[in-house]
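K.L.:
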Amino acid sequence: MVATIRGPLQGVEGLGMASSASAAPPVKDRMIWLAAPAFLFVLIGFAAPILWFLSQSVDGEAIGRALPQTAAALARWDGETAPPAAAYDAMVQDLSALEDRPAVGALARELNFREPGYRTVIWRTHRALRKAGSADPGQSGLDRLLAADPAWGGVEIWRVIQREARRFTPFFLLNSLDLEQAPQGGVERKPEVERVFLSIYGRTIVIALTVTGLCALLGYPVAYLIANAAPRWGLLLLLIVLLPFWTSLLVRTLSWMVIFQRQGVLNGVLLDLGLLTDNLQLLRTRTAVYVSMVHILLPFMVLPLYSVMKKIPRTYVMAAESLGAGRLRALATVYFPQTAPGLAAGAVLVLTLALGFYITPMLLGGGGDQMVSYFVATYVNESLNWGTAAALAGWLMLFAFLCFFLINLTSRRMGGQ
Amino acid sequence: MTAMLRVGAFRLLCALILIFLAAPIFAIIPTSFSSGEYFVYPLPGYSGRWYAEVVRDPTWLRALETSLIVGSASAALATLLGTTAALGLSRTRSRWAPVIVAALISPMITPIVIVAVSLFYAYAAVGLVGGLAGLILSHATLGLPFVTITVLATLKTYNTTLDRAAESLGAGAVRIFFTVTLPLIAPGVISGALFAFAVSLDEVVVTLFLASPEYTTLPREIFSGLRQSISPAVVAVSTITIGMSCLLMAVVALTARAAKRLR
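Taken in sequence, the protein lines are chains A and B. In my numbering, each residue carries its 1-based index in the first sequence increased by 40. In my numbering, each residue carries its 1-based index in the second sequence increased by 258.
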């Protein structure tokens, strides 16, 4: 029974692969085609959308498409002296050619991602050009632009347009690492006040690692107890572990909200016991995030550990003890190394899952406890900044997959010895 | 004596951890019976009024309906695809098999927000956002790894000589599958389907991005009830979903036990 309940977890442990290939003796290799529909389904319905979304992090087409003539006119500009007069005229023409508001909005938004404030410049200029109608012949492009917004008189905005009006842009990938392109070429760190993203990755990694460590600390003894209990008890204890595992993540998060609220269960109980005189602020703290995440992820640590421990014969530790090792020494030198694969499998699961947490920190944590996922969602929802969202997502996935394969690799190497 | 103390301390530690695991769920069951207007502890009194309210509220009922439709349709799709895939994967020696397994499992380890945002981006381009079809397809994608892994695990212990016996008696591949293989791996398939159903029933992040107010699911409705102050009605609905989860878990356990007896 237990084996079936743990089904999905078992598969992840064995992600070292070949598990599927080694099973059956009758080899008919057209059998692989049976997997084709599912493979195509995942390829088209999952992998392609993910790659398409991630590709937004290098997509710079929006600006070049909106300003084709300007881009052409700026192509040979050195970036130091005043832009060529043709560029001003081209900008007037490009902006006047943008007929509907969504098109202007898209350009304004994209430029604003590159440099906050450019949104206003674009909108203001577009409005002014519209109001003026067709140009009176004596007025130059620069005059018309300057009449709308003084920003056109500097080189800055032209430099940004020249740099970003390309098919591919490194902007979002650099920006999401707190880096920027230096005006004279090359890459440099952003000024200190503008650095935001590295601390978000740092926080995400710290939270995920702390949760993984806590899960290992708490999960190990519980798994040991269950694996070594009498069968009847073992089953009951396992059910206690499995019940939260089957309960919806949202509901478990809600239950922690109920407990941690200002007038919630924990504060109420502590007040009743006279341990507190005033309500504690528990919600929207890092502690609440840790407690709930450990609670949600603990089963993912206990179950793989349990399945490994279940297979370790008791006689090994007994043998070590009979040879004179103390109980603790026997456990540490004989028992623990054998459980390492289970520990690694659990750690991989907990760590990769923890890195992607979203709902729980959002509902239980404060502003300083939000993880990368939160910012991916926010950049999409609040500013339609697909480029930054995709860049953040890309770095997160890269890191999650690296962890996944690194731990898998080390655990296999350990298992091989 | 010290040994006994050590065992006692160890058991106490484990008991505390197990209480920690189970406590939150039991904390919300009593609070769902609050008689108060807002959620506060200590409770002003006990009543079933919030359950009555939930049962009468068309919003919750519609959300439940959508959840059940999306859950069963996506589980059916995931089971169909996953079972066929597992069958093929368990009987091939192709070196592509690990690649395919990795692809089929990838939705499980990709951070859910990235899945949600990507599917939103792609589905928007083909008009799948806001409808039932989008929810069903996305949930099937998320359920597929669970079906594949569960059925693969079941097939590992499957005795293929049975298939060969049927073949020697003249049965074709399709007939063998439906009369010999499928009945024997049915418990695994059913567990996989229930896993996929449970995944769909829990799903909130993808649904947040893909669902319209017209087709909102139970978790999504709970979520919007959480953003403001927690109403006891939300806690009541959550308690009901805990009951549903327990039921699912029990069915999976019973199926597994039945399978063991057959073997």
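Beta carbons are placed, not taken as given, at the ideal position from N, Cα and C, and that holds for glycine.
1. What does the alpha-carbon distance come out to for the pair A172 of chain A and R141 of chain A?
2. Smallest Cα separation from V375 of chain B: which of A:N448, A:L442 and A:A431?
3. Quick check: is the beta carbon of A75 of chain A nearer than 7 angstroms to any beta carbon in chain B?
4. With a threshold of 7 angstroms between beta-carbons, can A63 of chain A be considered close to chain B, or not?
5. Is the closest heavy atom of the ligand FMN to the C-beta of T355 of chain A under 6 angstroms?
6. Looking at the structure shown, is F397 of chain A part of a helix, part of a strand, or coil, going by DSSP?
7. Report buried or exposed for D134 of chain A, applying the criterion of at least 16 other Cβ atoms within 10 angstroms of its Cβ.
8. Run down chain B in chain order and give the residues with a C-beta less than 8 angstroms from the C-beta of W286 of chain A.
9. For S239 of chain A, count neighbouring C-beta atoms within 10 Å of its own C-beta (all shown protein chains included) and say buried if the count is 16 or more, exposed if not.
10. So which residues of chain A does F291 of chain B contact, with C-beta pairs closer than 7 angstroms?
11. Give me the DSSP bridge partner(s) of D99 of chain A.
12. Using a beta-carbon distance below 7 angstroms, is L326 of chain B in contact with chain A?
13. Report yes if the C-beta distance between Q96 of chain A and A130 of chain A is below 7 angstroms; otherwise report no.
14. What residues from chain B crowd round L283 of chain A, counting only those whose CB sits closer than 9 angstroms?
15. In this structure, how does DSSP classify L49 of chain A when only helix, strand and coil are distinguished?
16. In terms of alpha-carbon separation, which member of A:N152, A:L107, A:A75 and A:A106 lies closest to W426 of chain A?
17. Just checking: is the beta-carbon of I72 of chain A within a distance shorter than 7 angstroms of some beta-carbon in chain B?
18. By the 7 angstroms beta-carbon criterion, what residues does the stretch 472 to 484 of chain B contribute toward chain A?
19. Hey, which unbroken runs of the alpha helix (DSSP H) at 4 residues or more fall wholly within the stretch 390 to 449 of chain B?
20. So, at 7 angstroms on beta carbons, what are the nonlocal neighbours of A355 of chain B in its own chain, with the 5 sequence-adjacent residues on each side left out?
21. Give the residues from the stretch 82 to 101 of chain A that approach chain B closer than 9 angstroms (Cβ to any Cβ), ordered along the chain.
22. For L400 of chain B and S458 of chain B, what's the separation of their Cα atoms in angstroms?
23. Kindly give me the distance between the Cβ atoms of L289 of chain A and D460 of chain B, rounded to whole angstroms, as I take these residues to be in contact under 8 angstroms.
24. Taking all protein chains shown into account, decide if Q410 of chain A is buried (16 or more other Cβ within 10 angstroms of its Cβ) or exposed.
25. Looking at chain B, which residues of the stretch 256 to 267 of chain A have a Cβ within less than 7 angstroms of any of its Cβ atoms?
26. Give the straight-line distance between the Cα atoms of L83 of chain A and W73 of chain A, rounded to the nearest whole angstrom.
27. Could you tell me whether the Cβ atoms of L523 of chain B and V405 of chain B are closer together than 7 angstroms?
28. Count Cβ pairs between the stretch 321 to 328 of chain B and the stretch 469 to 489 of chain B that sit closer than 8 angstroms; are there 3 or more?
29. Taking only three categories from DSSP, how would you classify L219 of chain A?
30. What residues in the stretch 340 to 357 of chain B bring their beta carbon closer than 7 angstroms to a beta carbon of chain A?
31. Rounded to the nearest angstrom, how far is the Cβ of V262 of chain A from that of V342 of chain A, given a contact under 8 angstroms?
32. How many angstroms separate the CA atom of I448 of chain B from the CA atom of A343 of chain B?
33. I'd like to confirm the pairing. Which residues does DSSP put opposite V459 of chain A in its beta bridges?
34. CA-CA distance, P339 of chain A and I275 of chain B?
35. Report yes or no: is there a C-beta of chain B within less than 7 angstroms of the C-beta of A78 of chain A?
36. Check whether the Cβ atoms of T400 of chain A and A440 of chain A lie closer than 7 angstroms to each other.
P.N.:
Per the coordinate set shown:
1. Counting from one through the first sequence, the residue named residue 172 of chain A turns up at place 132. Counting from one through the first sequence, the residue named residue 141 of chain A turns up at place 101. Cα to Cα, A172 of chain A sits roughly 17 angstroms from R141 of chain A.
2. Along the second sequence, one-based indexing puts residue 375 of chain B at 117. Checked all of A:N448, A:L442 and A:A431; the closest Cα to V375 of chain B is A:A431.
3. Translated into the one-based positions of the first sequence, residue 75 of chain A becomes position 35. By this cut-off, A75 of chain A is an interface position.
4. Residue mapping note: residue 63 of chain A aligns to position 23 of the first sequence, counting from 1. Low local confidence applies: a pLDDT of 48 at A63 of chain A is under 50, so the model's placement there is unreliable, with the coordinate-based value given in what follows. Cβ-Cβ to chain B under 7 angstroms: yes for A63 of chain A.
5. Ligands are entirely absent from the displayed structure, and the ligand FMN is therefore not among its contents.
6. As a first step, residue 397 of chain A must be located in the first sequence, where it is residue number 357. Coil.
7. The sequence position of residue 134 of chain A within the first sequence is 94, counting from 1. Buried, because 16 or more other Cβ atoms sit within 10 Å of the Cβ of D134 of chain A.
8. Walking along the first sequence from the start, residue 286 of chain A turns up at place 246. Here the neighbours are A456, S503, C504, L506 and M507.
9. In the first sequence, the residue the question calls residue 239 of chain A occupies position 199. Answer is exposed; the Cβ neighbour count stays below 16.
10. For the purposes of this step, residue 291 of chain B is taken as residue 33 along the second sequence, with counting starting at 1. By Cβ distance, chain A contributes nothing, its closest Cβ being about 13 angstroms from F291 of chain B, past 7 angstroms.
11. On the first sequence, residue 99 of chain A is found 59 positions in, with the first residue counted as 1. The partner list for D99 of chain A (beta bridge, DSSP) reads A:F208.
12. For the purposes of this step, residue 326 of chain B is identified with residue 68 of the second sequence, where counting begins at 1. Taking Cβ atoms only, chain A never reaches closer than 7 angstroms to L326 of chain B, which makes this a no.
13. Residue numbering aside, residue 96 of chain A sits at position 56 when the first sequence is read from its first letter. Residue numbering aside, residue 130 of chain A sits at position 90 when the first sequence is read from its first letter. Not closer than 7 angstroms, so no.
14. As a working note, residue 283 of chain A is residue 243 in the first sequence. Within 9 angstroms Cβ-Cβ: L279, A280, I283, I500, S503, C504 and M507.
15. Along the first sequence, one-based indexing puts residue 49 of chain A at 9. For L49 of chain A, the pLDDT reaches just 46, beneath the cut-off of 50, and the residue's location in the model is therefore unreliable, although a value from the coordinates is still provided. If DSSP states are grouped into helix, strand and coil, L49 of chain A belongs with the helices.
16. Sequence index remark: in the first sequence, residue 426 of chain A carries index 386 (1-based). Nearest of A:N152, A:L107, A:A75 and A:A106 to W426 of chain A, Cα basis: A:N152.
17. Stepping through the first sequence from its first residue, residue 72 of chain A is reached at position 32. Yes, I72 of chain A counts as interfacial toward chain B.
18. P477, I480, F481 and L484
19. 390 to 414, 419 to 426 and 431 to 434
20. Here residue 355 of chain B refers to the residue found at position 97 when the second sequence is read from its first residue. Cβ neighbours of A355 of chain B beyond the five flanking positions: L347.
21. V82, L83, G85, F86, A87, A88, P89, I90, L91, W92, F93, L94 and Q96
22. Reading the second sequence from its first residue, position 142 is the one you call residue 400 of chain B. Reading the second sequence from its first residue, position 200 is the one you call residue 458 of chain B. Between L400 of chain B and S458 of chain B, the C-alpha separation is close to 8 angstroms.
23. Counted from its first residue, the first sequence places residue 289 of chain A at position 249. Counted from its first residue, the second sequence places residue 460 of chain B at position 202. Confirmed, Cβ separation roughly 6 angstroms.
24. Here residue 410 of chain A is taken as the residue at index 370 of the first sequence, counted from 1. It counts as buried.
25. L258, P261, V262 and L265
26. Position 43 of the first sequence, counting from 1, holds the residue named residue 83 of chain A. Position 33 of the first sequence, counting from 1, holds the residue named residue 73 of chain A. One C-alpha to the other measures close to 15 angstroms.
27. This structure does not reach residue 523 of chain B, given that chain B is present from 259 up to 521, and the question cannot be answered.
28. yes
29. Numbered from its first residue, the first sequence carries residue 219 of chain A at position 179. DSSP places L219 of chain A in strand when its eight states are reduced to three.
30. G340, T342, A343, L345, G346, L347, S348, R349, T350, R351, S352, W354, A355 and P356
31. In the first sequence, the residue the question calls residue 262 of chain A occupies position 222. In the first sequence, the residue the question calls residue 342 of chain A occupies position 302. Contact flag correct, Cβ pair sits at about 5 angstroms.
32. Reading the second sequence from its first residue, position 190 is the one you call residue 448 of chain B. Reading the second sequence from its first residue, position 85 is the one you call residue 343 of chain B. Straight-line Cα distance between these residues: approximately 15 angstroms.
33. Shown here, chain A extends from 41 to 457; a query on residue 459 of chain A therefore has no answer.
34. Within the first sequence, the letter at position 299 stands for residue 339 of chain A. Within the second sequence, the letter at position 17 stands for residue 275 of chain B. About 11 angstroms.
35. As a first step, residue 78 of chain A must be located in the first sequence, where it is residue number 38. Yes, contact with chain B.
36. Start at 1 with the first residue of the first sequence, and residue 400 of chain A comes out as number 360. Start at 1 with the first residue of the first sequence, and residue 440 of chain A comes out as number 400. Cβ atoms of T400 of chain A and A440 of chain A: not closer than 7 angstroms.
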